[in-house]
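Peer 1: Can you keep this structure in mind? I'll have questions shortly.
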Amino acid sequence: MRRIEIILSRLLWLIPTLIGLIVVVFFIANVVPTDPARIIAGENATTEQVEALRTELGFDEPLYVRLGIYVRDLATGNMGRSLYTQRPIADDLAHRLPATLELTFAATLIAIGLGIPLGVVSAIRRNTMTDQVLRVLSVSGLAIASFWLAMELQMLFSTRWGLTPLNGRISGFGPDEITGFFVLDSLLTWDMESLGDALLHLLLPAVTLALPAAATILRFTRAGVLEVITSNFVLYETAMGLPRGLIIWKYVLRNALISTVTQIGLIFGVLFSGAVVVEAVFDWPGLGTYAVQSILQSDNKAILGFTILVGVVFIVVNLIVDILHTFIDPRTLK
Amino acid sequence: MTGLKRLLSDRAAAIGAGLILALILVAILAPVLSPYPGDVAEFHLTERLLPPSAEHLFGTDRMGSDLFSRILFGARITIAIAVIAVGVSVAIGVPIGLIAGYYGGWSGGLLMRASDIFLAVPQIVLAIAIAQTLGPSVENVILALSATYWPFWARLVYAETRAMKGQVFIEAAQALGASDARVMVLHILPNIASAIIVRTSIGMGATILTAAALGFLGLGAPPPTPEWGRTISEAREFLPEAWWYAAAPGFAIFLVVMGFNLLGDGLRDILDPKIRRGTR
Amino acid sequence: MTDALLTISDLSLGFRGEAGFAHILDGVNLTMRPGEIMGLVGESGCGKTTLARAILGVLPRAALELRGGAIGFRGTNMLADDGAQAAIRGRRITFIPQDPFSSLNPVFTIGEQIDDLMKWKSPRRGEGGRWPALLAPYGRSRRAADRAAVIETLEAVQLPQPERLLRKYPHEVSGGQRQRLMIAMALLPEPDLIIADEPTTALDVTIQAQILGLLRRLASERGVAVMLTTHDLGSAWEICDAVTVMYAGQDVEAAPVAEFFTAPAHPYTNKLLASLPDAEGGGAMTGIPGEVPDFLAPPPGCRFAPRCERASAACATRPPQAARGAGHLVRCVHPVAAPVPAEAGA
Amino acid sequence: AERYVHANNSGYDTLDPHVVGDVARVATRLNFYDGLYRWVDNPPKLIPWLATSHTVSDDGLVWTFTLRDDVKFHDGSLMTADDVVWSIERMLALKRGASTLFLPVLNPGAAKALDPTHVEFTLNTPSAIFGSIVSDLYVMNADLVKEHEVDGDWGQAWLTDHVAGSGSYMLKRYDPAVGFIGERFADHFAGWGDSYYDEIEFRTVLETNTRVQGLMRGDYDGLDGYLAPDQIARLREDEDVQIIEAESMRVFHFAMNNRRPPLDDINFRKAMEYAFDYDGFIGSILQNSVARNPTIIPNNMWGAPKDVEGYTFDLEKAKEYLDKVPGPIRTIHIGTLAGFSETEQAASLLQNALAKIGVTAEIESAPWPVVNSRMQDPEQMYDMVPYWKSTYYADPNNWIGELYGARYIPTRNVSGYDNPEVNARIEKALASTDQAERQTLYEEAAKIVYDDAAGIWIYNTKWYGPYSSGVAGIRFSPVGNGQDMRWAHPAE
Amino acid sequence: MTEPILSVRDLHCHFPVRGAFGRQVGAIRALDGISFELMPGEILGLVGESGCGKSTLGKTIMGIQPPTGGGITFEGAEIAGASPRAAKDRRARLQYAYQDPGASLDPRWRIGRSLEEPLIIHTALGAAERREKVRDILAAVGLPLTHLERYPHEISGGQQRRVGLARILMLNPKVVILDEPTSGLDVSVQATVLSLFRDLREAFDLTYMFISHDLSVVRMMCHRVAVMYLGRIVEIGPTQEIFAAPKHPYTQSLLAAIPRIGGARVVDTFWLKGEPPDASRLPTGCRFQGRCPHTTARCLSEDPALRAVGDQRAACHFAGEVSPPGPAPKSSPTPSRRALP
Ligand SMILES: Nc1ncnc2c1ncn2[C@@H]1O[C@H](COP(=O)(O)OP(=O)(O)OP(=O)(O)O)[C@@H](O)[C@H]1O
Ligand SMILES: Nc1ncnc2c1ncn2[C@@H]1O[C@H](COP(=O)(O)OP(=O)(O)OP(=O)(O)O)[C@@H](O)[C@H]1O
Ligand SMILES: [Mg+2]
Ligand SMILES: [Mg+2]
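Same order as they appear, the protein sequences are chains G, E, W, R and S. Letter by letter, the first sequence follows residues 1 to 334 of the working numbering. Letter by letter, the second sequence follows residues 1001 to 1280 of the working numbering. Letter by letter, the third sequence follows residues 2001 to 2346 of the working numbering. Letter by letter, the fourth sequence follows residues 3001 to 3492 of the working numbering. Letter by letter, the fifth sequence follows residues 4001 to 4341 of the working numbering.
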């Protein structure tokens, strides 16, 4: 009951935040020195053509009218057309979203799979060699520019050693589309060849993306475990002679995860944004590549749409994290 | 004084401080240290893409300029971006967070909602949107980073201030009749300063990474600026043969960000009153 | 004493930190018999908790430095680490913590925490079955028997609706109920000794009276020995059979409860009793001038000497325990002369 | 079945041939659709395609094309003159892509189907180049498209992802984020030889380095041909890769804003001409992979003046000219194209040389659309912009006319250069049908522009088509960039 | 009869309990109709279980916590509802000593600076005068001058309490509200701190409101005692009377719970069951009903008001008629302590 209330109130907060976001991003995107009408009209358009198009597309209207129109259209899922691809931006984004989500999920899984256990180990082996090494690694993980790491990994693993594919989500076109997630689709259609291929393509980008996130999770888990481990209930559980493994991996970890879970929401955002550059390096046909392309083409509406979509995904993920929180930490329901 | 000694006794923090000191020195002394200071703008077309050697420690770039010299000069840009962007963010975010956190209520809520909006999108995405709109230049990168980074500070300071407000000594000061300004500036601010300092250090690192990413995407400084992110993107075309071209700026970024992170971690250990009290 | 349950002899330990070695326990001797309720009293920071934790084996290992002595529980050396201790901890010796608010894990239901305890520490747990520890099965029949015991014990500590309680989270029950729960959990493994570290300090007087009464009744019914650490002499008076006083990491006096309050021999004990608020109102409490010594550089010998009016040069070496009566031991070169007649009103 | 895989540098966001006109995405137009004529080979020549021939009225206004009667669309229906008329109407209505070539000379409704195999276009002004641009009139299956029309959108929504053409390949798969696969259309009117590719796959691979590495790894069979010389050099070392060289018609030059001081002063412009290190740029940076092109018209295009040597890098001379420019000289702004490193390198080189003669220059990098829209606005135009002029049709007007004729100010003549001498010649050449006369007119015009130092002309791009050695039959033409895949086939 | 220096009338302080969407779903009635008077020079004890509203009462009087209803008169003037700053000067004469004095000092300020702060805020004294005054007061509370240079965490709990007092005394207050001034202190330290309170009262002519949950301390220190239960005063009267003959069942149970060293073990016979209910969910009628052994139907419906019973006043329908079950508290409950040498 209380959980539903929490979710509802979070959902309610979402609306003003989203509207605010749209307004802010809209204004940012419209301080442009460029003339979108001219870009749409194409390289060889005459001045009259451009003028006509400008009126037709409503670029003559004052900014707030255009904002109103934009928000109205947005409510119906219409983000306008991309200057560059000429397609509805909403379609473009929807089409590319699964690719980015697949990459981000894979990276999140890797980050969690690496970060949490290593964080726990680092904490319980505090100040040992293991801990020192892990700490150095995690600080390094956070200091590496992901695009650079991506380039270097690609250069070594793909170009030099030929172990992994260079770019893309799969060799050529993917398996028959059901969900848009290649790994899922190839499982659903039991296309093992595509599955292997897709996973191999996923490997480098996901790892690149995951490393800083894993480092963050490691640090938070370590700090969380260290904090929890000094708490009274751990002392009590230890004094009552419960096995160390049970205490650490069940009782301590669950408590330490409370703060880590909040981090995962933020990390998702980090990964999503990291995807912009990492996708660009690996030619991953997702939102990041789309965003970079839109940047190169000065396609403001597309960037606007991308930014809003990222905002929505980010907000939704944080909502999920909040809900998850109520399961991990029953005190939030109080 | 004792603070400095403590800082230096923490190995990680000492390394971090060392790296940053080196960065600052390099930035200041770039004209002296670099073997070819002219190569920031000067080309030697016949010496393009030479591998590292005694003459060119880090090799040469696509225009035949000495990479080592350019990396040294790049440090200046990096410092300028990080210091100004973080400085502006702090200058905006800290007062907002402090006031919103102290007074709370309606206006505080509004301020926080405003920062929520900015935080609803990963910083780099907003920064990209802004930088792309304004056009590529170092000034615009700084502007984009500041405009998108202040909410972090507002958030941090807000949370810290709220926590502080619950502290008995703040209530005691108020009960004593201290004015709001007095309580905020003399009591709250010094007590949350350590959190701000720690985050500033780590924030510098994060800002450098973001700025480099913008440079990499072509949203940063125009050529022939020796900005590190841009140098990496220039280098891409010449990989894997000219490996040094990307390796040098990549490592430079890594070391500097590492420096700030290590320093931040060390400062956290030193400044965190919880830990300090624990040692008593 | 062959019938001793717990024997602590010349225990000396401390913690090594940045500032140096803090010598917390200095030659502590203490004996407990089965079924005895022993009060370990002393002012804040005198090492009560440290001693309790030493017995439980939960002192922070990294900083700990053992200087000597032994803790024997029924012939097992609790300071060694040869596996026998693990079997005793939580089974033969259980623990009631000071703060019931933070000693239960906040994110698991009470039932789940008790289940884990019973899985590992129930008296019905067989020794055999060489399963890797964490994978050991929890048989259905034992589970049912354990569950019955849990319900029975929860009722014994007067917790209403035990079935429902098990489904709750710790934050959903009040402080008094939580402390009852801790008592139940301490009793469930059917131990020989319960270490209760200030179990009522965090509670109100009315609740304290309830909890102490409960603890005393159940302990004597079940024949469990209890070591109760407290700085509240009133609590000690209420439920203890015997009292040991500590000062700055040294045991100074041990006596049966009546004798302790009527015929204290150590100057410190006397001063302590004199510091109690006069129940009649009025009158001046003397307090004890001076401060507790620094553990980093404690005075040699008797640590109370610097604050003691009776101190002399002889106090620079620690006096041995001297018997003052049946079960009444004192460590002082200049004990307070004669036992004061009991009930000698003011 | 043999499949050819091509990695392309830009995305295939739409398959509609009427809304995009850029060279990078020419593959969908050439392979899925057919025009009335088709450009092939190098130097480019027009060959009959959907049309077998045409006639022009004496006044140069009425153009009548005779169509083939055996052209089948992919769905098997026959192409008729009505399809052609509908297609040109569609282009004129959408005002996108190649329509900008037609709009100035053709009004809506000015095309008529005389009978199923004859189409007549009535121009509103004579145009010597009309014959060259009908290759860009891609004919659609009008009936099919009309079925999918929504709200009078001329089938735009549907045609983004679908093909309604008669081209050599039929659409098999398409994903705007990935690319497309075409399947050989066996019934194509032009027939097929003995050897061909059954499938062609065009994939978008934005990063140059990835394309090059992919070709070397064997992921791809061919790439777009405008690679940096360093990449070409690397590819040459790979035994499994062949580089097909061809002189292109893509002139790299600096557009200069002739309207604004100090660039309105011929002495200053001359100083600029002498301040660019042509040899350093072509010789070192581009490693002599291209040839110097002294004027705006590509050397290999007719109409290019023969006796022009080209300006040389001579700072002494530059200084001399500069001294004749009165007053202090302000900072010069050079706009470069983000993502096109050659423009950055060229601008840096000029900046560097200018610094030596006391002129400060600043470089502003921006994406092409931004640069382009600024260039077209006289107020916002940079002082100089280095970029390429590509071949939209193989006629000198594509270069000299569009870049320096007053009629194209400000859209394509971004320098604002307006010289009556030049204008007269360009206008005359546009109206004339006499090839020899036109050639002379263009040669003269180009020479005048050269003497006026209206821009800095640097080189004519060379096309280096990188293909795997298993590919044969690539037929390069500057207009189609060798991506007309029907001629290609696996090597023996 | 002298005028009361401080009087509180029907004081209420409710804390809203908010559910989702910030809507109020209930209230914690921390103060629910408190009235009493404080005479110049007296020490009024305030006892009660944890969470019954003792600190809230103190803070509401101080203006730290705005009241939701009722009035407070200090030195003849109404001060309820005024912000601390508005009544700045008057408040200077009314001071509150925090429950945890360590926490009431800024951890980053040296003791000396903290002590000077009240003077900077309220007076126009020069730096030298301020320092002199600080030294005087510091001596009065029995701390060495060297402590001025220390940080709060560098001194002991008892010393922190002295610093807390010194800080309050800087402004020459009339009334000091001492919130649990000895909780957490060892008996040996407690003794010295209590005698300090007494000495200071003499030296500075102070009036104390002494909040505590330690009945024996209250008994020793106070002239009058008020017993609070869940936001109400359930019994108030002279210390002697309250301890000798408590009229309210709750007071009776409180007294019954105190260990009596040398006497019978109270834990074996202690009769009060249960714990106080959640302050946000008070029952109708008497708020002690759930735990009171004498509950009748009237108690369930009717909220008893404070009324005079003998020398004291109690809020119980049966005040004076009921006595605790089991062994009744002896009129002189504690066998006296033995004389100490
Ligand atoms: N891990 C440790 N490292 C260093 N000193 C410690 C450590 N644990 C405890 N001490 C010190 O040992 C002394 C005794 O502490 P202990 O907790 O045993 O006292 P206590 O008698 O239980 O006091 P209280 O009544 O306050 O609970 C204290 O001075 C404490 O600061
Ligand atoms: N600022 C606040 N907001 C909400 N509830 C509060 C606030 N302050 C106090 N309360 C509630 O009011 C009630 C009374 O609190 P108060 O601190 O006055 O109790 P107390 O008698 O001083 O207890 P203790 O003996 O523990 O100090 C408690 O239920 C408490 O939770
Ligand atoms: Mg303790
Ligand atoms: Mg309180």
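Virtual Cβ for every residue (Gly too), placed ideally from N, Cα, C. Computed from a prediction, not measured in an experiment: that's the story for all the values here.
Taking 8 Å as the CB-CB limit, is Val3178 (chain R) close to chain G?
Peer 2: Numbered from 1 along the fourth sequence, position 178 holds the residue referred to as residue 3178 (chain R). Chain G, which has a Cβ nearer than 8 Å to the Cβ of Val3178 (chain R), makes this yes.
Peer 1: Could you tell me whether any Cβ in chain S is nearer than 8 Å to the Cβ of Arg1011 (chain E)?
Peer 2: Here residue 1011 (chain E) refers to the residue found at position 11 when the second sequence is read from its first residue. No, no contact with chain S.
Peer 1: For Gly3339 (chain R) and chain E, any beta-carbon pair shorter than 8 Å?
Peer 2: Residue mapping note: residue 3339 (chain R) aligns to position 339 of the fourth sequence, counting from 1. So, interface residue.
Peer 1: Ala1120 (chain E): which of G:Leu324, G:Val292, G:Val24 sits nearest, CA to CA?
Peer 2: What you label residue 1120 (chain E) is simply residue 120 of the second sequence in a count that begins at 1. Of the listed residues, the one whose Cα sits closest to Ala1120 (chain E) is G:Val24.
Peer 1: Beta-carbon separation of Ala3338 (chain R) and Ala3366 (chain R) under 8 Å?
Peer 2: The residue you call residue 3338 (chain R) lines up with position 338 of the fourth sequence. The residue you call residue 3366 (chain R) lines up with position 366 of the fourth sequence. Closer than 8 Å, so yes.
Peer 1: Among the candidates G:Leu253, G:Thr189, G:Leu246, G:Arg81, whose CA atom is the shortest distance from the CA of Ile178 (chain G)?
Peer 2: As a first step, residue 178 (chain G) must be located in the first sequence, where it is residue number 178. When each option's Cα is compared against that of Ile178 (chain G), the closest is G:Thr189.
Peer 1: Is any beta-carbon of chain G found at less than 8 Å from that of His3018 (chain R)?
Peer 2: Here residue 3018 (chain R) corresponds to residue number 18 of the fourth sequence, with the count starting at 1. It does not: the Cβ of His3018 (chain R) has no partner Cβ on chain G nearer than 8 Å.
Peer 1: In whole angstroms, give me the CA-to-CA distance for Ile1079 (chain E) and Leu1023 (chain E).
Peer 2: The residue labelled residue 1079 (chain E) in the question sits at position 79 within the second sequence. The residue labelled residue 1023 (chain E) in the question sits at position 23 within the second sequence. If I take the Cα positions, the gap works out to 8 Å.
Peer 1: Using 8 Å as the threshold, is the C-beta distance between Gly4069 (chain S) and His4122 (chain S) below it?
Peer 2: The residue you call residue 4069 (chain S) lines up with position 69 of the fifth sequence. The residue you call residue 4122 (chain S) lines up with position 122 of the fifth sequence. It is not a contact, given that the beta carbons lie outside the stated cut-off.
Peer 1: Measure the C-alpha to C-alpha separation of Ala2186 (chain W) and Ile2194 (chain W) and round it to an integer number of angstroms.
Peer 2: Along the third sequence, read from residue 1 onward, the residue named residue 2186 (chain W) stands at position 186. Along the third sequence, read from residue 1 onward, the residue named residue 2194 (chain W) stands at position 194. Going from the Cα of Ala2186 (chain W) to the Cα of Ile2194 (chain W) covers about 7 Å.
Peer 1: Mind listing the chain G neighbours of Gly3470 (chain R)? Cutoff is C-beta to C-beta under 9 Å, in chain order.
Peer 2: Within the fourth sequence, numbered from 1, the residue matching residue 3470 (chain R) stands at position 470. Under the 9 Å cutoff, chain G gives no residues; its nearest Cβ is about 17 Å from Gly3470 (chain R).
Peer 1: Identify the contact partners of Gln2210 (chain W) in chain S, using a Cβ-Cβ distance below 7 Å as the criterion.
Peer 2: Along the third sequence, read from residue 1 onward, the residue named residue 2210 (chain W) stands at position 210. Within 7 Å Cβ-Cβ: Phe4270.
Peer 1: Determine the DSSP secondary structure at Leu4230 (chain S), reduced to helix, strand or coil.
Peer 2: If you number the fifth sequence from 1, residue 4230 (chain S) lands on position 230. Leu4230 (chain S) falls in the coil class under three-state DSSP.
Peer 1: Spell out whether any CB of chain E is found under 8 Å from the CB atom of Arg3234 (chain R).
Peer 2: Sequence index remark: in the fourth sequence, residue 3234 (chain R) carries index 234 (1-based). It does; some Cβ of chain E falls within 8 Å.
Peer 1: Report the CB separation of Leu1267 (chain E) from Ala1013 (chain E) in whole angstroms; it is logged as a contact under 8 Å.
Peer 2: Looking up residue 1267 (chain E) in the second sequence gives position 267. Looking up residue 1013 (chain E) in the second sequence gives position 13. Indeed, because the Cβ distance is near 7 Å, the residues count as touching under 8 Å.
Peer 1: Based on DSSP bridge pairs, tell me the residues matched to Met3170 (chain R).
Peer 2: Indexing the fourth sequence from 1 puts residue 3170 (chain R) at position 170. Paired residue(s): R:Glu3183.
Peer 1: Report the rounded CA-to-CA distance for Lys3990 (chain S) versus Ile1188 (chain E), giving the unit in angstroms.
Peer 2: In the structure displayed, chain S extends from 4001 to 4341; residue 3990 (chain S) sits before or after that span and is not available.
Peer 1: So with CB distances below 9 Å, who are the chain R contacts of Glu1241 (chain E)?
Peer 2: To locate residue 1241 (chain E), count along the second sequence from 1; it is residue 241. Residues of chain R passing the Cβ test: Asp3230, Arg3234.
Peer 1: Taking 8 Å as the CB-CB limit, is Asp2197 (chain W) close to chain S?
Peer 2: On the third sequence, position 197 is the one that residue 2197 (chain W) refers to. It does not; no Cβ of chain S falls within 8 Å.
Peer 1: Are there any heavy atoms of ligand 4 lying less than 7 Å away from the beta-carbon of Glu4180 (chain S), as far as the coordinates show?
Peer 2: As a working mapping, residue 4180 (chain S) is identified with position 180 in the fifth sequence. Yes, Cβ of Glu4180 (chain S) sits closer than 7 Å to a heavy atom of ligand 4.
Peer 1: Within the same chain, show all residues whose beta-carbon is closer than 7 Å to that of Arg3068 (chain R), passing over the 5 residues directly before and after it, in chain order.
Peer 2: Mapped onto the fourth sequence, residue 3068 (chain R) falls at position 68. Around Arg3068 (chain R), the same chain offers Leu3050, Thr3052, Phe3189 as residues with beta carbons nearer than 7 Å, after the five sequence neighbours per side are excluded.
Peer 1: Would you identify the three-state DSSP class for Tyr2968 (chain R), choosing helix, strand or coil?
Peer 2: A question about residue 2968 (chain R) goes unanswered here, because the residues of chain R that appear run from 3001 up to 3492.
Peer 1: Exposed or buried, Glu4049 (chain S), counting other C-beta atoms within 10 Å across all chains shown (16 or more means buried)?
Peer 2: Numbered from its first residue, the fifth sequence carries residue 4049 (chain S) at position 49. Its Cβ being crowded by 16 or more others within 10 Å, Glu4049 (chain S) is buried.
Peer 1: Just the chain G side, please: which residues come within less than 8 Å of Pro1122 (chain E) by C-beta, in chain order?
Peer 2: Residue mapping note: residue 1122 (chain E) aligns to position 122 of the second sequence, counting from 1. Gly269, Val270, Phe272, Ser273, Val310, Phe314, listed in chain order.
Peer 1: Closer than 7 Å to a non-hydrogen atom of ligand 3 - does that hold for the CB of Lys4273 (chain S)?
Peer 2: Taking the first residue of the fifth sequence as 1, we reach residue 4273 (chain S) at position 273. The answer is no for Lys4273 (chain S).
Peer 1: Let me make sure I understand the geometry here. Which of W:Ala2225, W:Ala2236, W:Pro2320, W:Leu2165 has the alpha-carbon closest to that of Thr2094 (chain W)?
Peer 2: The sequence position of residue 2094 (chain W) within the third sequence is 94, counting from 1. Per the Cα distances, W:Ala2225.
Peer 1: Check whether the Cβ of Gln4099 (chain S) lies closer than 7 Å to any heavy atom of ligand 2, and answer yes or no.
Peer 2: Taking the fifth sequence and counting its residues from 1, the one referred to as residue 4099 (chain S) is at position 99. It does: the Cβ of Gln4099 (chain S) is within 7 Å (strictly closer) of some heavy atom of ligand 2.
Peer 1: For a test of the three-state rule: what should DSSP assign to Asp73 (chain G), helix, strand or coil?
Peer 2: Residue mapping note: residue 73 (chain G) aligns to position 73 of the first sequence, counting from 1. Annotated three-state conformation of Asp73 (chain G) is helix, per DSSP.
Peer 1: Note down the Cα distance separating Leu166 (chain G) from Ala1252 (chain E), rounded to an integer number of angstroms.
Peer 2: Translated into positions along the first sequence, residue 166 (chain G) becomes position 166. Translated into positions along the second sequence, residue 1252 (chain E) becomes position 252. Answer to the nearest angstrom: the Cα atoms are 26 Å apart.
Peer 1: My parser needs the alpha helix (DSSP H) runs of 4 or more residues fully inside the region 4270 to 4309 of chain S; what are they?
Peer 2: 4297 to 4301
Peer 1: Specify the secondary structure class of Glu2343 (chain W) as computed by DSSP and reduced to three states.
Peer 2: Counting from 1 along the third sequence, the entry for residue 2343 (chain W) is found at position 343. Confidence in Glu2343 (chain W) is poor, its pLDDT being 44 and thus under 50, which makes the residue's placement unreliable; the coordinate value appears in the next sentence. Correct three-state label for Glu2343 (chain W): coil.
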